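Structure first, then comments.
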Amino acid sequence: MEQIGYTNKSSNLDAIFAALADPTRRAILSRLVEGQASVNEIAAPFKMSQPAVSKHLKVLERAGLIERDVEEQRRPARLKAQNMAAVIDWLNEFKVFWGASFDQLDEVLLTMKKTQKKDADNE
Amino acid sequence: MNELPEYKLERIFDAPREMVWRAWTDPDLLNRWYGPGAETIIHKFELKPGGSWLNEMKWGEKSNYQKVIFQEVTQPEKLVWHHYSSIDSDWNELDDNPMMPDWPRVLLTTVIFKEISGKTNVCLTQVPMNATDAELACFADAMANMDHGWGGGYAVIDEILAELKA
Chain A
-8 MEQIGYTNKS
2 SNLDAIFAAL
12 ADPTRRAILS
22 RLVEGQASVN
32 EIAAPFKMSQ
42 PAVSKHLKVL
52 ERAGLIERDV
62 EEQRRPARLK
72 AQNMAAVIDW
82 LNEFKVFWGA
92 SFDQLDEVLL
102 TMKKTQKKDA
112 DNE
Chain B
24 MNELPEYKLE
34 RIFDAPREMV
44 WRAWTDPDLL
54 NRWYGPGAET
64 IIHKFELKPG
74 GSWLNEMKWG
84 EKSNYQKVIF
94 QEVTQPEKLV
104 WHHYSSIDSD
114 WNELDDNPMM
124 PDWPRVLLTT
134 VIFKEISGKT
144 NVCLTQVPMN
154 ATDAELACFA
164 DAMANMDHGW
174 GGGYAVIDEI
184 LAELKA
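Taken in order, these protein sequences are the chains called A and B. Position 5 of the first sequence, counted from 1, bears residue number -4 in my numbering, the numbering being contiguous throughout. Every number in my numbering is 23 more than the matching position in the second sequence, counting from 1.
Next up, the structure:
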């Protein structure tokens, strides 16, 4: 089966963000953190029909966040978290990079000012 | 696309501009703050147009390499560089970003230093350069979602990452 994860050439971030924006889908992902589950098992805690859950699973699958076993009849869904983890790690690194660096720059400037003051006092 | 997606960060530092400039352009000071939580090793630093800054960031065993080519160096008010983040340990450009294939290969980075009564306003912007449509879309998506916690998925992402690292 062709993988529709982030390894595709086209940008998939939009699909990932859209998939994550829905609280039910986030809850489904949380459920799948514990292990693979069939549509029935996923639907149980939600007051939702199986077709509704199947629809959410399709969105998650298209975003490359989960995969479904085609061999087994109950088609359990399973987290494909490595993809997402890699993407999110990368984005988080970018997001905090300059901000956190600027925090550290504040500290360096403080030290520079102290050193300069000490030098001036010693003169 | 009419307007390029842009990353922008602006902050006021409580120090005179000459000092802030020095912290940005002296590699022995730069490596103390650039790269959060990492050991930053500056392998080369040529502060002039066309000159390169070869940077390694080490987290334990893991290293991340970046190459910067300076375009404009106007002391003490402006730095412009091309920022390459898909780099191997021999400072060659990779075809694709290993983490994210559509991440822009080059970011045009501009840093403006303005002195305001003894303090310094630093404004940094990054925009994709010579980017493909896919790269522009990827960067635009990332920027658009940055302030909204990646589609509100932070909690579940944390949970999943914690699970993976367990």
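For each residue, glycine too, the CB sits at the ideal point set by N, CA and C. Source: prediction; values computed, not measured.
Between residue i and residue j, is the Cβ-Cβ spacing less than 8 Å?
{"i": "K67 (chain B)", "j": "W76 (chain B)", "result": "yes"}
{"i": "Y88 (chain B)", "j": "E95 (chain B)", "result": "no"}
{"i": "V44 (chain A)", "j": "A28 (chain A)", "result": "no"}
{"i": "L51 (chain A)", "j": "A76 (chain A)", "result": "no"}
{"i": "G58 (chain B)", "j": "S21 (chain A)", "result": "no"}
{"i": "T148 (chain B)", "j": "K31 (chain B)", "result": "yes"}
{"i": "F36 (chain B)", "j": "L82 (chain A)", "result": "no"}
{"i": "F162 (chain B)", "j": "W44 (chain B)", "result": "no"}
Identify the continuous beta strand (DSSP E) that holds residue i and give its terminal residues.
{"i": "S86 (chain B)", "result": "K85 to T97"}
{"i": "N168 (chain B)", "result": "Run containing N168 (chain B): none in the beta strand (DSSP E); it sits in the alpha helix (DSSP H), D156 to M169."}
{"i": "A116 (chain A)", "result": "With chain A covering only -8 through 114, there is no way to say anything about residue 116 (chain A)."}
{"i": "F68 (chain B)", "result": "E62 to F68"}
{"i": "L102 (chain B)", "result": "K101 to Y107"}
{"i": "L56 (chain A)", "result": "First-last for L56 (chain A): undefined, no H or E at that position."}
On a CA-only basis, which of the options is nearest residue i? Give me that one, please.
{"i": "N3 (chain A)", "options": "B:D164, B:H171 and B:D170", "result": "B:D164"}
{"i": "N153 (chain B)", "options": "B:D170, B:P127 and B:N144", "result": "B:P127"}
{"i": "E33 (chain B)", "options": "B:L159, B:K85 and B:V145", "result": "B:V145"}
{"i": "M169 (chain B)", "options": "A:V78, A:A68, A:E98 and A:Q107", "result": "A:V78"}
{"i": "P28 (chain B)", "options": "B:S109, B:E186, B:W104 and B:M166", "result": "B:M166"}
{"i": "V134 (chain B)", "options": "B:V103, B:N115, B:D125 and B:S109", "result": "B:V103"}
{"i": "A38 (chain B)", "options": "A:R66, A:E114 and A:Q107", "result": "A:Q107"}
Residue i lies in the alpha helix (DSSP H); which residues open and close that run?
{"i": "Q41 (chain A)", "result": "Q41 to R53"}
{"i": "E63 (chain A)", "result": "Unbroken run through E63 (chain A): none, as it is neither H nor E."}
{"i": "W56 (chain B)", "result": "P50 to W56"}
Would you please state the rounded distance, in angstroms, between the beta carbons of residue i and residue j? I believe it to be under 8 Å.
{"i": "A46 (chain B)", "j": "L53 (chain B)", "result": "7 Å"}
{"i": "D60 (chain A)", "j": "R53 (chain A)", "result": "17 Å between Cβ atoms; not a contact."}
{"i": "L117 (chain B)", "j": "D111 (chain B)", "result": "6 Å"}
{"i": "G83 (chain B)", "j": "R17 (chain A)", "result": "Wrong, their Cβ atoms sit about 31 Å apart, outside the cutoff."}
List the residues of chain C whose Cβ lies closer than 9 Å to the Cβ of residue i, in chain order.
{"i": "G55 (chain A)", "result": "Absent from the structure is chain C; the protein chains it does hold are A and B."}
Q | Residues within the segment 56 to 79 of chain B neighbouring chain A, beta-carbon criterion of under 9 Å | A | W56, Y57, G58, P59 and G60
Q) At a Cβ cut of 9 Å, what residues of the segment 68 to 88 of chain A count as close to chain B, listed as they run along the chain? A) L70, A72, Q73, M75, A76, A77, V78, I79, D80, W81, L82, N83, E84, F85, K86, V87 and F88
Q) Taking Cβ-Cβ distances below 8 Å as the criterion, which residues of the segment 128 to 150 of chain B are in contact with chain A? A) V145 and L147
Q) Relative to chain B, which residues along the segment 10 to 43 of chain A have a C-beta separation below 7 Å, given in chain order? A) L11, A12, R17, L20, S21 and V24
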